[in-house]
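So the protein lines, in turn, are chains A and B.
Residue numbers for the first sequence follow the numbering used here, beginning at 13 and rising by one.
Residue numbers for the second sequence follow the numbering used here, beginning at 548 and rising by one.
Heads up, the thing below is written out as structure tokens.
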Amino acid sequence: MEYNKAQMNTEPKTDNRSLALTALEDFKGFAFYHLGRFSLFAVSFSTVLIVLLIFFFVIQQGLPFFKNFGITEFFTSKQWYPEAGEPKFGALSIIVGSLYVTIAALILSVPMAILTAVFLSEIVSHKIRNLVKPVIELLAAIPSVAYGFFAVLVLAPFLQTEFGLSTGTNALNASIILAIMALPTIISVAEDSITAIGRDLREASYGLGATRFETIFFVVIPAAHSGIIAAIVLGMMRAIGETMVVWMASGNANQIPSPWWDLTQSVRTMTATIAGDMGETSKGSPHYQSLFAIGIILLAMTFLLNIVSEYFLASAGKNSRKK
Amino acid sequence: MRFIIRHITDKIFTALTVLSVVVLVAILAVILTPILWKGFSAVVFTGTIEFRKMQLDLFNRGDIDELNKENARSQLYRKKIYDTIDRFKQNIDAETLCDKAAQICRTFGKELQRKNMPGAEYQQLRSLSREIRDKLQIAFNSSNKKIVDENIKDVLKYKTDIRFKDTSAAELFAIAENFAADIKNIDLAKRQEYAYALKEFENITVKLLGYNPSTPVPALKMNRYGATRLNIAKKILNQLLLLEKWEQTSPGKPMVKISTPRARLFAGTEIEPLFDYIRDNIDEMLIPKRTFYWQYLIDSSTPGHYFGGVGPEILGTLLLTLASMVFIFPIGIISAAYLAECPSDNFIIKIIRMAINTLAGVPSIVFGLFGLAFFVLYLVPLFGGPSKPCILTAALTLAALTLPVMIRASEEAIRSVPQSYKEASLGLGAGKLRTFICVILPAALPGILTGIILSISRVAGETAPILFTGAIAFGPMPKNAFDPTCTLSYGSYDIAVGDRLASLVPHNQYGMVATLITLVFCLNIAAIIMRAKISRKLKGQ
């Protein structure tokens, strides 16, 4: 049917029509082609537009804060009393809290993620791999609020009763859940980059008598290092930008844990501060602007991390293309 | 030797990788099992008669005749509890008893006045009745049994007196007799403690069986019904039977939970056997039945999600998903087509790609900020809409967030269409547009569908972006796109952390999250299966 129609359209009905297009027809075709292409481009460009709008609006709302209150206090003071009579906006412990749970989450998740990626790409057959992959996808699919729910109602009471902690909602709880959430990202990117390493490297290593461990550890992983770094950076982005889990599970106490390795203390993160405080602010107040200022910091951090990850991904792509 | 070490390291390494995968699977199981299992109990459970009453009252659902029959049967067993409590309460409450005696005495005096008696006789009767009253009051207030007995005996002497017959004063004797009979087993010195313990006992009974039918209907819906589920009833029953106290055994040591039978507080009284009675007859009083409450998925709920289901949340989630798909679908596919069909070394394409990656990396809460600043406070008012969070702004924010997912999946799908399709179509003389719409798009459709499904699951699960752009914890069903809405995702947050009331009904808490996870998982599993099919098809070619 489709074929017939096409035939009818392409075959001229009148015999005396010349094959050459008239100037008008030619122009029409040209115009339509470029108009169509431009409209496609315009729609595609909306993504760029959204990114620009995000940067513009977040910065527009947040910048007055830096103008009015300066940068020094924001980054050096630990006093965060935005609603006090004389408001104080020291976000140091909030920023540190974000980095704290993120790094703790990475420490927990990276070894496991890389081991899993190695397992999937180097050790098992295709069949088992196809069985494990959906598990990872499902882990990635669980909504963050469900993770938060689990953290508050299952993990927190467990930590509290089993380890005798004063509170179950603390940095440890948030880090564990963030680690789980970062796993799928790190695993899939790392696995891709490990798989992309050519057979020749492996075969050379095995041919020299190396064991599988030695091949993976001294040949494959070094060769795939840029992809793995990109994976870790992407996992970090996921962890630092996560809101619901840290809001629900971190305890939201505005403090820097001391001693610094004590994960069982409550912390507060940038994302949780924005989520928690926005309801109490009125539009245009210093508190409201300060939350957008935190948003700027978050945006800047993730943007930087994004550039870093793209750099490493690109160099990983170059490495594997070289072969 | 070195060889052995190398081999052992190799084996350990392999074991570690296997272990990490096992842990991964275990994590998924550990997270899902409690949520899904407990969430399941929101729908399938053993419901009591209180549940059926609630369903009939609030949702107009169920068989009235059947329920009335059941109710009559359960009241038969409950009556004894209410009666015993009422009597006991009366007898330990000296103040009310005294008031009552004084009241009767006063009525008697008025009655005498009406009878037109001779003055002397009137005076005599009046003082006699006062004497009786005083003696009764002494008896009621005393905690010494001897005094009580003496006074009551004195009072009861007049019971046979012909002058009091058929008058209101006869009631005094009835009270006295009842009191004498009832206090035999009561330690009068502990009246205060009894009163306190009884209050607690009554409160728990109300929680278990619902309010006493002789008292007014509670204003709050949540207080109108007893335990609606057998497992909750059992928990409350346990609370009723055992008194839990945290005690410090010695200074410096953590508190220890000590539970003692609550019946001991009422040792020797008529209340004591009630505990066994309630325990033994709980089934008759609550009439548990296996219940399949599928309406959980369509019912709206009472404040705090105490009763009812997640109907508005599901509807809100669907509306939000649908609304954002309206934006995501065309933009996503067109962008994907442009990216896939245009030469990729173009500078503009590079910028677009970078924008997509940036967009995918922007934290979800920043999307929330952006949605608030741009859609809620700027764009919608610009077109004359109300400047408040609503479905439209939430959908737009979610669309911006989910666009990268859609574009990436669709682009991959379009790219995976074999080049020969395109060449064949072009070779037959079709234009680029026709080739794309008639050949490439149908071939890429399953992959694009996978992308759509994944975007839907992302939209349904995201919470942070809609916190300030259109989600509410509780409210009526939205009427148009300018109303805020409840969603499963924000509801899950609120029910876990925000709402103290909800922690009393864990089945509803878990039910909400389980619904969300089930929804997202069904979508994702569908996407996984579809992708597997596509890859098998592509391999076959």
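Quick reminder that beta carbons are idealized off the backbone N, C-alpha and C, glycines included.
Since the model is a prediction, treat every value here as computed from it, not as a measurement.
Where does residue i land, buried or exposed, given buried means 16+ other C-beta within 10 angstroms?
i	result
glycine 855 of chain B	buried
glutamate 1026 of chain B	Reading off the sequence, residue 1026 of chain B comes out as lysine, not glutamate. Lysine 1026 of chain B is exposed by the Cβ-count criterion.
isoleucine 1108 of chain B	For chain B, the structure presents residues 548 to 1088; residue 1108 of chain B sits outside this window and is missing.
threonine 762 of chain B	exposed
glycine 41 of chain A	exposed
isoleucine 784 of chain B	The sequence shown places leucine at residue 784 of chain B, not isoleucine. When all chains shown are included, leucine 784 of chain B counts as buried.
cysteine 1069 of chain B	exposed
glutamate 1009 of chain B	buried
asparagine 615 of chain B	exposed
tyrosine 45 of chain A	exposed
phenylalanine 50 of chain A	exposed
phenylalanine 894 of chain B	exposed
methionine 548 of chain B	exposed
valine 591 of chain B	exposed
phenylalanine 726 of chain B	buried
valine 803 of chain B	exposed
phenylalanine 39 of chain A	exposed
glycine 994 of chain B	buried
lysine 682 of chain B	buried
asparagine 607 of chain B	exposed
arginine 1083 of chain B	exposed
tyrosine 1040 of chain B	buried
Interface residues of chain B around residue i at Cβ under 7 Å?
i	result
valine 232 of chain A	In chain order: nothing, as chain B lies at least about 12 Å away.
proline 3 of chain A	Any property of residue 3 of chain A remains undetermined from this structure, which presents chain A solely from 13 to 335.
glutamate 98 of chain A	Those do not exist, as glutamate 98 of chain A stays about 26 Å from chain B at its closest Cβ, beyond 7 Å.
phenylalanine 39 of chain A	By Cβ distance, chain B contributes nothing, its closest Cβ being about 16 Å from phenylalanine 39 of chain A, past 7 Å.
methionine 124 of chain A	Ser567 and Val570
leucine 31 of chain A	Those do not exist, as leucine 31 of chain A stays about 13 Å from chain B at its closest Cβ, beyond 7 Å.
isoleucine 119 of chain A	In chain order: nothing, as chain B lies at least about 15 Å away.
In chain A, which residues lie with their C-beta within 9 Å of the C-beta of residue i?
i	result
glutamine 1056 of chain B	Phe161 and Leu165
At a threshold of 7 Å, does residue i count as lining the ligand FMN (C-beta to nearest heavy atom)?
i	result
histidine 1054 of chain B	Questions concerning the ligand FMN fall outside what the structure shown contains, since it holds no ligand whatsoever.
By Cβ distance, which residues of its chain are closer than 8 Å to residue i, with the 5 residues on each side in sequence left out?
i	result
phenylalanine 720 of chain B	Val702, Leu703, Tyr705, Lys706 and Phe711
serine 1036 of chain B	Thr864, Ala1007, Gly1008, Glu1009, Thr1010, Ile1013, Ala1018 and Leu1063
isoleucine 751 of chain B	Ile783, Gln786 and Leu787
threonine 849 of chain B	Leu605, Lys768, Met769 and Gly855
List, in chain order, every chain B residue whose beta-carbon is nearer than 8 Å to that of residue i.
i	result
threonine 146 of chain A	Here residue 146 of chain A turns out to be proline, not threonine, going by the sequence shown. Result: Ile1072 and Ile1075.
alanine 312 of chain A	Residues of chain B passing the Cβ test: none, with the nearest at roughly 10 Å.
Check the Cβ of residue i against every Cβ in chain A and list those closer than 7 Å, keeping chain order.
i	result
histidine 554 of chain B	Thr223
alanine 990 of chain B	The contacting residues do not exist; alanine 990 of chain B stays about 13 Å from chain A at best.
phenylalanine 921 of chain B	Leu65 and Phe69
proline 581 of chain B	Val166
serine 1036 of chain B	Pro155 and Val157
asparagine 778 of chain B	The contacting residues do not exist; asparagine 778 of chain B stays about 17 Å from chain A at best.
tyrosine 968 of chain B	Residues of chain A passing the Cβ test: none, with the nearest at roughly 13 Å.
leucine 886 of chain B	Ser56
Which whole-angstrom value describes the C-beta separation of residue i and residue j, a residue pair presumed to lie in contact below a C-beta threshold of 8 Å?
i	j	result
valine 279 of chain A	alanine 261 of chain A	Their Cβ separation, rounded to whole angstroms, is 10 Å, which puts valine 279 of chain A and alanine 261 of chain A out of contact at 8 Å.
serine 200 of chain A	valine 113 of chain A	About 22 Å; that fails the 8 Å criterion.
leucine 275 of chain A	leucine 184 of chain A	4 Å
threonine 595 of chain B	arginine 837 of chain B	Between arginine 837 of chain B and threonine 595 of chain B the Cβ distance is about 11 Å, and since that is not below 8 Å, they are no contact.
leucine 65 of chain A	phenylalanine 874 of chain B	14 Å between Cβ atoms; not a contact.
leucine 571 of chain B	valine 147 of chain A	6 Å
Could you name the residues of the same chain whose beta carbon sits closer than 7 Å to that of residue i, not counting the 5 residues immediately before and after it, in chain order?
i	result
glutamate 322 of chain A	none
glycine 307 of chain A	Val70, Gly74 and Ile286
valine 1052 of chain B	His852 and Tyr853
alanine 884 of chain B	Ile961 and Phe983
serine 238 of chain A	Phe324, Ser327, Ala328 and Asn331
threonine 227 of chain A	Arg214, Ser217 and Tyr218
lysine 558 of chain B	none
glycine 609 of chain B	Arg599, Gln602 and Leu603
Ignore the nearest five residues each way along the sequence and tell me which others in residue i's own chain have a CB closer than 6 Å to its CB.
i	result
valine 245 of chain A	Leu317, Val320 and Ser321
Along chain B, which residues have their Cβ under 9 Å away from the Cβ of residue i?
i	result
serine 217 of chain A	Per Cβ cutoff of 9 Å: no residues; serine 217 of chain A is ~13 Å from chain B at best.
Along chain A, in chain order, which residues have C-beta atoms closer than 8 Å to that of residue i?
i	result
isoleucine 881 of chain B	Leu52, Val55 and Ser56
isoleucine 1064 of chain B	Ile154, Pro155 and Ala158
Report the start-end ranges of each alpha helix (DSSP H) in the region 713-799 of chain B that is 4 residues or longer and not cut off at the edges. 717-729, 738-756 and 777-788
Complete runs of the beta strand (DSSP E) confined to the region 864-943 of chain B [at least 3 residues]: none
Length-filtered (4 minimum) alpha helix (DSSP H) runs lying within the region 231-313 of chain A: 237-253, 256-261 and 282-289
Enumerate, from N- to C-terminal direction, the unbroken alpha helix (DSSP H) stretches of 4 or more residues contained entirely within the region 596-650 of chain B. 596-606 and 611-639
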